[in-house]
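Anchor point for the sequence shown: position 172 equals 172 in full-length UniProt numbering, and the numbering is continuous, going up by one each time.
Below: the structure, in structure tokens.
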Amino acid sequence: MRIRRTQGEIWFDRCNVAVLSLACLLMIIPLLNVLASSLSSTDAMIHAEVRLWPVDMNFDNYRTVLGNAKFWHAFGISLFIVTVGTFINLAMTVLTAYPLSKSYLRGRKVVLIGVLFTMIFQPPMIPTYLVVKQFGLINSVWAMIIPLALSAFNLLIGITFFRSLPEPLFEAARVDGVGEFTILFRIVIPLSMPIMVTLLLFYAVGNWNNYYTALLYINNAALHPLQLYLYYVIAQFNMNEAMSKVIETTMDVSPQGLQMATIIVATVPILIVYPFLQKHFIRGAMIGSIKE
């Protein structure tokens, strides 16, 4: 049965489509300019001829970036942080959110108030740095993982989702003699795959894009993740330090082109992974936001 829509609803939808299309266009234009700049010749970049389409197609910038040992070392550091850090994030979130979702847990309200407090009042930078230094994590890859092991926002999403799971199912399992850890790993987690994928995506993207903790705690250039490497390439314009490979005289490369190519290469992994997780991401975010 087709529901008839009023003229107001039709025009409202049309306005939404127009506004959202304009917003998407405004976000895509800078990305197209970066991509076009990375594929354009040095002469076109110097004369500011590049807009949304490459001028004098040139792949030397990508050959130089992909042949740079420092780039791949930083990429490996970021990959380690995303893999290990996301696993720790998920483990901490699930092991904390599941018990806090139970209304009968003693001291639950006190812990939740503490979680909300950390969301409202962020810890100052200097005390946080001193704590990390006290634990001996300065100039360690773990300084980019341990301080970010648990997100209060993601924890609340997990708690909200776990509340929506049917409690009689867990009670029946307990009657059969099943322990809490078995319930968690055999029942709760399999039923929670949408929210698990959502949290995985949140944490993985956050770990991949994070450079602030590395900027604070890492002084050794050998431990710089990809985003901090990218920061030095772009913000400080230090191409001599960033590019360890000697560029051949026959290559048509420019500092701006190398910057743009590095940005594209650093962005591609997230763009490749996201479409495969989008369905679970939307479903998990919706369930975690509306269930009580």
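No residue lacks a Cβ here, since even glycine has one placed at the ideal position from N, Cα and C.
Query                                                                                                            : Result
Helix, strand or coil at F162 according to DSSP, with G and I counted as helix                                   : helix
V233 versus Q256: straight-line alpha-carbon distance, rounded                                                   : 10 angstroms
Touching by the beta-carbon criterion (3+ pairs, under 8 angstroms), the stretch 219-230 and the stretch 139-146 : yes
CB of L157 within 8 angstroms of CB of A173, strictly                                                            : Sequence check: residue 157 is Ile here, not Leu. Cβ distance not < 8 angstroms, so I157 and A173 don't count as in contact.
Closest residue to V55 among R63, V65, T42, Y62 (Cα-Cα distance)                                                 : T42
Top-ranked residue by Cα proximity to F170, from L155, F75, I187                                                 : I187
Residues near N154 by beta carbon distance below 8 angstroms, same chain, minus five either side                 : N89, T93, L199, F202, Y203
Residue range of the unbroken alpha helix (DSSP H) whose run includes Y217                                       : 212-217
Cα-Cα separation, K109 to R63                                                                                    : 56 angstroms
Sequence-distant residues of its chain with Cβ nearer than 7 angstroms to T86 (five each side left out)          : L200, Y203, A204, N207
Span of the alpha helix (DSSP H) around P30                                                                      : 7-38
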